[in-house]
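Worksheet: one structure, shown below.
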Amino acid sequence: MSRGNSEETMRSKYKGVRCRKWGKWVSEIRVPGSQDRLWLGSYATPEAAAVAHDVAFYCLRRPLTLESLNFPLMLPVASLQADMSPRSVQKAASDAGMAIDARQAQLSQAHYSPGGPVFESSGEAVWRGWEGNQLGSEGEANLSISVEDYL
Numbered sequence: 110m111s112r113g114n115s116e117e118t119m120r121s122k123y124k125g126v127r128c129r130k131w132g133k134w135v136s137e138i139r140v141p142g143s144q145d146r147l148w149l150g151s152y153a154t155p156e157a158a159a160v161a162h163d164v165a166f167y168c169l170r171r172p173l174t175l176e177s178l179n180f181p182l183m184l185p186v187a188s189l190q191a192d193m194s195p196r197s198v199q200k201a202a203s204d205a206g207m208a209i210d211a212r213q214a215q216l217s218q219a220h221y222s223p224g225g226p227v228f229e230s231s232g233e234a235v236w237r238g239w240e241g242n243q244l245g246s247e248g249e250a251n252l253s254i255s256v257e258d259y260l
């Protein structure tokens, strides 16, 4: 990989994130103990895909430290239950990523500079509307969501 090409460097900036050739950012994660991959979604920003990956990584592996995450300060640990099913993990990750994309859309509509920060450094602004959702097997019914659901 050429480090001189900023597009290639940007594509590999976050763990578990890649850019489709048409510009959408996607995330998926391997399920521990199997060869299966869990699709986490397609997002408008690489940060949203990275947060989705962080949530799934935490739910599936429960690491002792958060150092291996892309955005450790943004992980809504209080909202994530132990022993979640793969579909619950997928929904939690998707909700987190969509919340980031929704926040970016709000900032863009408010005429903030494009390319500015997607979230506050503490992550509190992004999680205010999301953190109260406790996810478990009963919350798996509908995985069809869009950015508009979070505006």
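Numbering of the sequence shown is given in this note's numbering, commencing with residue 110 and proceeding in unit increments. Where a beta carbon is used, it is the ideal one built from N, C-alpha and C, also for glycine. Everything numeric in this text was worked out from a predicted model, so none of it was measured.
Cβ-based burial, residue i [other Cβ within 10 Å; buried from 16]
| i | result |
| --- | --- |
| tryptophan 148 | exposed |
| serine 231 | Residue placement at serine 231 cannot be trusted, given a pLDDT of 49 that sits under 50; the coordinates are not used to answer. |
| valine 126 | buried |
| glutamate 156 | buried |
| arginine 212 | buried |
| leucine 184 | buried |
Bridge partner(s) assigned by DSSP for residue i
| i | result |
| --- | --- |
| cysteine 128 | Trp134 |
| arginine 139 | Arg146 |
N- and C-terminal bounds of the beta strand (DSSP E) containing residue i
| i | result |
| --- | --- |
| serine 151 | 146-152 |
Residue range of the alpha helix (DSSP H) that includes residue i
| i | result |
| --- | --- |
| glutamate 156 | 155-170 |
| serine 194 | Unbroken run through serine 194: none, as it is neither H nor E. |
Nearest-angstrom beta carbon gap, residue j and residue i [assumed within contact, 8 Å]
| i | j | result |
| --- | --- | --- |
| alanine 158 | serine 136 | 4 Å |
Discussion item. Using 8 Å as the cut-off, can you tell me whether the stretch 200-209 makes contact with the stretch 163-177, which would need three or more C-beta pairs spanning the two stretches below that distance?
Written reply: Under the 8 Å Cβ criterion, the stretch 200-209 counts as touching the stretch 163-177, having at least three qualifying pairs.
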